[in-house]
Structures are given as structure tokens and as C-alpha cells.
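Numbering (my numbering), first residue to last: 63 to 309.
For every residue, glycine included, the Cβ atom is placed at its ideal position computed from N, Cα and C.
Predicted model, so just to flag it, every value in this text is computed and none were measured.
Remarks on the structure that follows.
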């Protein structure tokens, strides 16, 4: 039976990018089609106030990236925080990417802010700090496309770091079997990252821009992370067996 995942889209792409890429929801759909776990996806753009009806049932909720700050005060962000907290308290599985990664950390007791390290763009490498049964296929290190100037600077108390680098110490984390988040963008492709670099060139400065463009010569683990996410959603922790009373 297929998994059913709700994609909470937290951005509207820049006008020059919409025709080719549609939106982050569609980018995730294209990504997840490349991994082997059967799943179907329904996209709701929460910036426009779209949410699933109360009677819809999903195996997980995925929060996408955004141009907005996770610590912003926009009404739609406050509405989303309330919605996600209800889902968390209900025990639903939650996935977060970039903005979603930061928002869930903030919502669950961590801290997110503008990073002193500045902008991260292009391909970035992370060392893996933990293993879990759903992290299959295994890779020696994690490589993802990134585009961010904010970072999680304090994790929720019950979070476990999965991936880190000197530039981004909390690049991926999970909270038990319920929350899984990545700062990087598994759904990005090289062409989209290249267009973002061109759009942001003046803002980024020459060094970040040049290094970002040069990094795009390499490959990344987007499809691997997509499979990890679907295995995480499908994963059922083993039930603890009660000891039999002694005779």
C-alpha cells in the first residue's frame, strides 16, 4: 500500500522560475518519483491559506523551503506553527526541509536565527553523526544542494543530530520516530540552483557566488535523502515485548 504524504508548500517561486519549476511541491513530487518506496503526495500552499480538510488522512506532513524567515511574524507562518504543533501533539510524522527544518526546530524548543557564517549556496558536504534503520542506502558522507542564510543554532532537547559541518553544525536531525529534518534541499536540481545563484549574485557577493557556481560540477545525494524520508515515514518502531510473569 502506498504512503500518503501531505506537502505543505511554504513559498511561491519567483516569477521567472514558475513556468519551468512550478513550485517546491512539484519539485518534491518529481524527486520522490525517483525513489523506490510507493507513495502519493498532495500539495497545499499554506502561504495562500491552503490546508487539508480535517477528514483527510496522511502518513506524514512535509514542510518545504521558503524565502521567508522561520522566525518571521507573518500571519501565515503563525497559522502554520499552530497547525504543525497540533499535528505533533497528535503524534503525526513531520518532515522539514530548509525553512521547514528551521521552523520545526523553533516550534519544538530550539532556536533559529540569521547565521553569522553568512549565505550557504551550491553543493555542501556534511559528515554523518548518527545511524538509523531508515538511513538506507548508506553513504559515507552527505552531500546536498543548499540555499540559506538562516540556521538552527539550538536544537530541541530531544533531537539527535544526523549530519553536520563546520559551516552548519545542525544540518539534519531527527526527534525519535516522529520528526526528520534537513537544512539542505534534496529536491533542488543543478539548473535550479544555478538560476538562484544568478538571481542572488549581487546579494551573495563575489566569493560566495563564485564558489557556489564552481560547486555545481559535483553530484549530490538528493535521491538518497528522498528514500531516507520515505523509509522514515514507513518505519514502525519495534514494539517492546513484556516479560512473562514468573511461574
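| Check | Outcome |
| --- | --- |
| Sequence-distant residues of its chain with Cβ nearer than 6 angstroms to residue 12 (five each side left out) | Outside the shown range of the chain, which is 63 to 309, sits residue 12, and nothing can be said about it. |
| Boundaries of the beta strand (DSSP E) in which residue 237 is found, first to last residue | 234 to 237 |
| Status (buried if at least 16 other CB within 10 Å, exposed otherwise) for residue 63 | exposed |
| Beta strand (DSSP E) runs contained entirely in the stretch 205 to 288, provided each spans 3 or more residues | 212 to 216, 222 to 226, 234 to 237, 241 to 244 |
| Residue environment, residue 192, which counts as buried when at least 16 other CB atoms sit within 10 Å | exposed |
| Spatial distance of residue 272 from residue 298 (CA atoms) | 44 angstroms |
| Inter-residue CB distance, residue 227 and residue 281 (contact presumed, cutoff 8 angstroms) | About 17 angstroms separates the two Cβ atoms, so there is no contact after all. |
| Option in 290, 99, 232, 102 with minimal Cα separation from residue 3 | Absent from the structure is residue 3, since the part of the chain shown begins at 63 and ends at 309. |
| Pairwise C-alpha distance: residue 214 and residue 175 | 7 angstroms |
| Residue 301 classed as buried or exposed, judged by whether at least 16 other C-beta atoms fall within 10 angstroms | The predicted position of residue 301 is uncertain, since its pLDDT is 45 and thus under 50; a value taken from the coordinates is nonetheless stated next. Exposed, since its Cβ has fewer than 16 Cβ neighbours within 10 Å. |
| Contacting residues, own chain, Cβ-Cβ under 6 angstroms from residue 309 (five flanking each side not counted) | Here the model assigns residue 309 a pLDDT of 37, short of 50, so the residue's position is not dependable and the matter cannot be decided. |
| Touching by the beta-carbon criterion (3+ pairs, under 8 angstroms), the stretch 82 to 98 and the stretch 150 to 158 | no |
| Short Cβ contact (8 angstroms threshold) for residue 259 with residue 183 | yes |
| Counterpart residues of residue 189 in DSSP-defined beta bridges | 226 |
| Distance between residue 98 and residue 168 (C-alpha atoms, nearest Å) | 32 angstroms |
| Beta-carbon spacing of residue 285, residue 93 below 8 angstroms | yes |
| Nearest neighbour of residue 179, chosen from 201, 142, 244, 229 [CA to CA] | 229 |
| Sub-8 angstroms separation of residue 207 and residue 132 beta-carbons | no |
| Residue burial classification, residue 49 (beta-carbon count within 10 angstroms, cutoff 16) | As shown, the chain starts at 63 and ends at 309. That puts residue 49 outside it, with no answer to give. |
| Residues of its chain near residue 288, where Cβ-Cβ distance is below 6 angstroms and the 5 sequence neighbours each way are ignored | 93, 94, 97, 248 |
| Straight-line gap, residue 127 to residue 115 (C-alpha atoms, nearest Å) | 23 angstroms |
| Residue 170 versus residue 136 - alpha carbon distance | 19 angstroms |
| Three-state class that DSSP yields for residue 175 in the structure shown | strand |
| Rounded Cβ spacing between residue 262 and residue 235 (contact assumed at less than 8 angstroms) | Wrong, their Cβ atoms sit about 26 angstroms apart, outside the cutoff. |
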